[in-house]
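**Q** Chains as they are written, first to last, in this note's numbering: chain R, 1 to 163; chain Y, 164 to 326.
We put the beta carbon where it would ideally sit given N, CA and C, even for glycine.
As the structure is a computational prediction, the values presented were derived from the model and not from experiment.
Number of protein chains: 2
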Amino acid sequence: MPKNTIPDSETRATAEHAKDLRLWLRMLACTNLIENHVRAKLRSDFDITLPRFDLMSQLERSPQGLKMGELSKRMMVTGGNVTGITDQLVREGLVVREDSPKDRRAYIVKLTAEGRRSFRRMAEAHEGWMVSLFAGMDEKQRDELYDMLAVLKNSAAKVAAKR
Amino acid sequence: MPKNTIPDSETRATAEHAKDLRLWLRMLACTNLIENHVRAKLRSDFDITLPRFDLMSQLERSPQGLKMGELSKRMMVTGGNVTGITDQLVREGLVVREDSPKDRRAYIVKLTAEGRRSFRRMAEAHEGWMVSLFAGMDEKQRDELYDMLAVLKNSAAKVAAKR
DNA sequence: GATGATATTTCGATCCTTAAAATATCAAAA
DNA sequence: TTTTGATATTTTAAGGATCGAAATATCATC
Numbered sequence: 001m002p003k004n005t006i007p008d009s010e011t012r013a014t015a016e017h018a019k020d021l022r023l024w025l026r027m028l029a030c031t032n033l034i035e036n037h038v039r040a041k042l043r044s045d046f047d048i049t050l051p052r053f054d055l056m057s058q059l060e061r062s063p064q065g066l067k068m069g070e071l072s073k074r075m076m077v078t079g080g081n082v083t084g085i086t087d088q089l090v091r092e093g094l095v096v097r098e099d100s101p102k103d104r105r106a107y108i109v110k111l112t113a114e115g116r117r118s119f120r121r122m123a124e125a126h127e128g129w130m131v132s133l134f135a136g137m138d139e140k141q142r143d144e145l146y147d148m149l150a151v152l153k154n155s156a157a158k159v160a161a162k163r
Numbered sequence: 164m165p166k167n168t169i170p171d172s173e174t175r176a177t178a179e180h181a182k183d184l185r186l187w188l189r190m191l192a193c194t195n196l197i198e199n200h201v202r203a204k205l206r207s208d209f210d211i212t213l214p215r216f217d218l219m220s221q222l223e224r225s226p227q228g229l230k231m232g233e234l235s236k237r238m239m240v241t242g243g244n245v246t247g248i249t250d251q252l253v254r255e256g257l258v259v260r261e262d263s264p265k266d267r268r269a270y271i272v273k274l275t276a277e278g279r280r281s282f283r284r285m286a287e288a289h290e291g292w293m294v295s296l297f298a299g300m301d302e303k304q305r306d307e308l309y310d311m312l313a314v315l316k317n318s319a320a321k322v323a324a325k326r
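1. Can you name the residues that DSSP bridges to L229 of chain Y?
2. Relative to the C-alpha of K67 of chain R, which residue among R:A15, R:A135, R:R104 is closest?
3. At 3 residues or longer, and completely inside the segment 21 to 91 of chain R: list those beta strand (DSSP E) runs for me, N to C.
4. Which residues in the same chain as V96 of chain R place their Cβ atom closer than 6 Å to its Cβ, once the five residues preceding and following it in sequence are excluded?
5. Which residues of the segment 134 to 161 of chain R have a Cβ closer than 8 Å to any Cβ of chain Y? Give them in chain order.
6. Could you compute how far the alpha carbon of R333 of chain Y sits from the alpha carbon of Y107 of chain R?
7. Using 8 Å as the limit for Cβ to Cβ distance, is L191 of chain Y near chain R?
8. Tell me whether T86 of chain R is buried or exposed, calling it buried when 16 or more other Cβ atoms sit within 10 Å of its Cβ.
9. Which of the residues in the segment 235 to 261 of chain Y, read from start to end, lie with their CB under 8 Å from any CB of chain R?
10. Looking at chain R, is there any beta carbon in it that lies within less than 8 Å of the beta carbon of E223 of chain Y?
11. Show which residues of chain R have a CB atom less than 7 Å away from the CB atom of S295 of chain Y.
12. Within the continuous beta strand (DSSP E) that includes R97 of chain R, where are the two ends?
13. Rounding to the nearest angstrom, what Cα-Cα distance links G65 of chain R and Q58 of chain R in this structure?
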């Protein structure tokens, strides 16, 4: 067995570093591929953008409605941003701002009946796109991916949180 | 053993569909977490945006330079977009447009010496961020993730390509 | 040469996004 | 009750990314 089979620690460290980078690039490529597909389909089939779809999906999960600030937190964007996206959805009649009975500074944003209908149709299509995008993976592979992503999420959250 | 242990095919299908959706949402959450972290660091530490960094990284992989159209293909964005990003990098002295000797319609975009220096510093830092973001995964987990992403990439590419 | 393809830029437009300032209201202390 | 600091939201100003289509220049071929 040749000596060089065992790399010195510096070589190994560098190789490991490069692996993390490749892993990230591959993950980014996958996500962009899927995300761009979804954006294009949302646009072409429903004439809506991803941020607007995301806001609606937050509201669907919270039928009692959410305050602007809560939306901002959940979507991890600034308040001004939520204002703009909400304005657009209000203009389209998909959500409403109701005055909060508890706090006159705040609004409670809710899906309208039409917004709910509209969202359900979109969500169904969205789920279908996912099924076809992931169709090349068998169940075991999908489970494995799901589990590994959980580990990654914890790992990355620790780092990203610091700031 | 109760009968209902084995779900009927419709129930199973719906459950599987929902799983694909959850898988995607988890993946998206992970990627956004990391991507936002990277964007913020690139901005704060190097005053550069992700698309500009990406363009430079394409050039670093092709020291002979790339035509605008090649950049456009590799970055999966339109030509007009590449023009804008390139203009900015030229203004900052990080890349140059050289006339193609073969084709007077075309430019060959290359990193300048300063661009190369600058990119290397950024890439090193970038790799370090990746190492820390993935630090919570052991080697086996990272390999597993890497492999599953390869499967996913193939699967999704098949669907996304059709259009 | 003429003509259809190709490489790039320009133009017009839409969106997302942020940070900071402005507004209104709340809640608690004085 | 008045003041005061915190909170919820909007407004404003600015910067980019991004696209699609039209415009320009050049190529390559008939």
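**A** Short version:
1. Y:V272
2. R:R104
3. Within the segment 21 to 91 of chain R, no complete beta strand (DSSP E) run reaches 3 residues.
4. K110, T112
5. Those would be F134, A135, G136, M137, E139, Q141, R142, E144, L145, Y146, M148, L149, A150, V151, L152, K153, N154, S155, A156, A157, K158, V159, A160, in chain order.
6. Outside the shown range of chain Y, which is 164 to 326, sits residue 333 of chain Y, and nothing can be said about it.
7. yes
8. buried
9. M239
10. no
11. V159
12. Counting along the chain, the beta strand (DSSP E) containing R97 of chain R begins and ends at 95 to 99.
13. In a straight line, the C-alpha of G65 of chain R is about 9 Å away from that of Q58 of chain R.
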